[in-house]
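Residue numbers (my numbering): 4 to 342. Structure record follows, encoded as C-alpha cells.
Quick look at the structure:
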C-alpha cells in the first residue's frame with residue numbers, strides 16, 4: 004500500500020482520469036476530482052463516467068476550470084493533497100489547428116495554476132500527462148526519453164513539451180518532485196469518441212466509410228487503458244528523485260539533478276493502422292469500407308515507445324495484446340451504445 008492517502012486527480016471526467024480515480028478508490032485512497040466537463044466531445048459520456056465514481060464515499064468532485072487561478076488555489080488549500088495526478092488537458096492534434104487558444108488556456112495557463120497549487124501546499128509528488136506527440140519530427144525508433152524533443156509538429160505537442168519544461172523549473176527552483184508520463188495512443192472501454200478506433204467502430208456499425216489517413220501506412224503504439232492506469236498509479240506512488248548520474252556537461256533529457264523524471268507509457272509494439280482496422284472488423288464481425296486519404300497536417304507516421312526506463316524504475320511494462328484490448332473495447336461499446 005502506498006504511503007500516500009489523499010490524491011487530487013484533474014481531468015477526472017476524462018478517459019484516463021476516470022480510470023485512474025477508480026483505481027485509486029479501489030485501493031482505498033481519498034480522491035478529489037476536478038474537471039470543467041467541456042464539450043470538446045460528448046458531454047453525456049463524461050457525465051456517465053462521473054456517475055460511476057459518485058457512489059464512492061472517499062470521492063468528491065468539483066466542476067471547475069483549471070485556468071481559474073483563484074478556484075484552483077481554493078481547492079488545493081481546502082483538500083491539501085499529498086499527490087496530484089494532472090490529466091486534464093485540451094486533447095487532440097487536429098483540433099489544435101482549428102482552435103489554438105483552447106490549448107494555451109487548458110494546457111499552459113491551467114498547468115501553471117496546478118504547479119502553483121503544488122508549490123504552496125507542500126505536495127509530495129506531481130505526476131502529469133505528457134504525450135508521445137512531443138517526439139514530433141524525431142524519426143529515431145523506438146522513441147526514448149533520452150531523445151531530443153525540440154521539434155514538435157503540432158501546437159498540442161508544443162504545449163506538452165512546454166509542460167515538461169515548466170515542471171522541471173518547479174522541480175529545480177522549489178524541490179517539487181515531478182514525473183511526466185508520455186502516453187502512446189491510449190484505447191479501451193470508456194474511451195474518447197474523437198480517437199480513430201472509436202470513430203472506426205461507430206462508422207463500421209453504421210455502414211459508413213472510414214477515413215484512413217496516409218493510406219493506412221501509419222503505425223501506432225496502441226496502449227490499453229488498464230496498462231496506462233497501472234503505469235500512472237505506480238509512478239505516482241514512486242516519488243521522483245534527482246538522478247545522481249546526471250551531468251550538466253552532458254545533460255540527458257529524461258532526468259535531472261532536480262527531482263524530475265519523464266517516462267514513456269506505451270505498449271512497445273507498434274501496429275499498422277490497417278491491422279487495427281482488421282482487428283476491429285474481426286471483433287465486430289463486419290467489414291469496413293475504407294476511404295484512403297493522404298497524411299493529415301500535424302500527424303506523425305509512426306509512434307513506438309521505448310519503455311526500458313519505466314520498467315527499470317517503476318517495475319512495470321505494458322503488455323496487453325491488441326486483440327484482447329480491442330475485444331474489451333468492442334464489448335463495452337456495444338453495451339454502452341446498445342449496438
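Heads up, the beta-carbon is just placed ideally off N, CA and C, and yes, glycines get one too. Predicted model, so just to flag it, every value in this text is computed and none were measured.
Under the three-state DSSP convention, the category residue i falls into
{"i": "residue 169", "result": "helix"}
{"i": "residue 66", "result": "strand"}
{"i": "residue 158", "result": "helix"}
{"i": "residue 4", "result": "Low per-residue confidence applies at residue 4: pLDDT is 48, beneath 50, and the placement is therefore not dependable, though the value from the model is reported in the following sentence. Residue state, collapsed to three classes: coil."}
{"i": "residue 308", "result": "strand"}
{"i": "residue 255", "result": "coil"}
{"i": "residue 97", "result": "coil"}
{"i": "residue 204", "result": "helix"}
{"i": "residue 88", "result": "strand"}
{"i": "residue 13", "result": "strand"}
{"i": "residue 234", "result": "helix"}
{"i": "residue 148", "result": "coil"}
{"i": "residue 226", "result": "strand"}
{"i": "residue 275", "result": "strand"}
{"i": "residue 57", "result": "coil"}
{"i": "residue 20", "result": "helix"}
{"i": "residue 219", "result": "helix"}
{"i": "residue 335", "result": "helix"}
{"i": "residue 179", "result": "coil"}
{"i": "residue 1", "result": "Residue coverage of the chain in this structure runs from 4 to 342, which leaves residue 1 outside it and unanswerable."}
Residue j beta carbon less than 8 Å from that of residue i
{"i": "residue 289", "j": "residue 207", "result": "yes"}
{"i": "residue 189", "j": "residue 226", "result": "yes"}
{"i": "residue 353", "j": "residue 118", "result": "Absent from the model: residue 353. The displayed extent of the chain is 4 to 342, so no value can be given."}
{"i": "residue 323", "j": "residue 230", "result": "yes"}
{"i": "residue 50", "j": "residue 192", "result": "no"}
{"i": "residue 306", "j": "residue 223", "result": "yes"}
{"i": "residue 23", "j": "residue 317", "result": "no"}
{"i": "residue 99", "j": "residue 341", "result": "no"}
{"i": "residue 149", "j": "residue 269", "result": "no"}
{"i": "residue 271", "j": "residue 315", "result": "no"}
{"i": "residue 200", "j": "residue 283", "result": "yes"}
When the options are compared against residue i, the one with the closest alpha-carbon
{"i": "residue 313", "options": "115, 183, 60", "result": "183"}
{"i": "residue 41", "options": "75, 332, 109, 81", "result": "109"}
{"i": "residue 266", "options": "287, 241, 247, 285", "result": "241"}
{"i": "residue 111", "options": "27, 70, 224, 22", "result": "70"}
{"i": "residue 169", "options": "187, 132, 46, 44", "result": "132"}
{"i": "residue 96", "options": "134, 309, 123", "result": "134"}
{"i": "residue 176", "options": "259, 61, 90", "result": "259"}
{"i": "residue 113", "options": "37, 124, 149, 59", "result": "37"}
{"i": "residue 152", "options": "339, 59, 255, 281", "result": "255"}
{"i": "residue 333", "options": "278, 203, 39", "result": "203"}
{"i": "residue 303", "options": "247, 205, 87, 137", "result": "137"}
{"i": "residue 125", "options": "233, 52, 181", "result": "181"}
{"i": "residue 46", "options": "73, 33, 18", "result": "18"}
{"i": "residue 83", "options": "66, 33, 92", "result": "33"}
{"i": "residue 28", "options": "56, 39, 48, 14", "result": "56"}
{"i": "residue 198", "options": "44, 60, 39, 10", "result": "44"}
{"i": "residue 281", "options": "251, 273, 291", "result": "291"}
{"i": "residue 157", "options": "201, 116, 171, 93", "result": "93"}
{"i": "residue 245", "options": "251, 264, 252", "result": "264"}
{"i": "residue 327", "options": "166, 171, 228", "result": "228"}
{"i": "residue 26", "options": "107, 299, 336, 234", "result": "234"}
{"i": "residue 273", "options": "167, 140, 215, 187", "result": "187"}
{"i": "residue 122", "options": "65, 278, 171", "result": "171"}
{"i": "residue 215", "options": "279, 251, 107, 335", "result": "279"}
{"i": "residue 311", "options": "147, 325, 205", "result": "147"}
Expected contact under 8 Å - CB spacing of residue i and residue j to nearest Å
{"i": "residue 297", "j": "residue 178", "result": "About 48 Å; that fails the 8 Å criterion."}
{"i": "residue 218", "j": "residue 275", "result": "About 11 Å; that fails the 8 Å criterion."}
{"i": "residue 20", "j": "residue 79", "result": "Not really, about 17 Å apart at Cβ, beyond 8 Å."}
{"i": "residue 293", "j": "residue 213", "result": "6 Å"}
{"i": "residue 129", "j": "residue 12", "result": "Actually they are not in contact, since the Cβ atoms of residue 129 and residue 12 sit about 12 Å apart, beyond 8 Å."}
{"i": "residue 127", "j": "residue 7", "result": "7 Å"}
{"i": "residue 286", "j": "residue 329", "result": "5 Å"}
{"i": "residue 145", "j": "residue 309", "result": "4 Å"}
{"i": "residue 16", "j": "residue 67", "result": "In fact, because the Cβ distance is near 12 Å, the residues do not count as touching under 8 Å."}
{"i": "residue 9", "j": "residue 85", "result": "5 Å"}
{"i": "residue 63", "j": "residue 35", "result": "5 Å"}
{"i": "residue 88", "j": "residue 243", "result": "Residue 88 to residue 243, Cβ: 13 Å. No contact."}
{"i": "residue 75", "j": "residue 116", "result": "4 Å"}
Near the ligand FMN: residue i beta-carbon under 7 Å from a heavy atom
{"i": "residue 272", "result": "Questions concerning the ligand FMN fall outside what the structure shown contains, since it holds no ligand whatsoever."}
Beta-ladder partner(s) of residue i, from DSSP
{"i": "residue 38", "result": "66"}
{"i": "residue 267", "result": "185"}
{"i": "residue 214", "result": "294"}
{"i": "residue 132", "result": "184"}
{"i": "residue 190", "result": "227"}
{"i": "residue 424", "result": "In this structure the chain extends from 4 to 342, so residue 424 is not present and cannot be described."}
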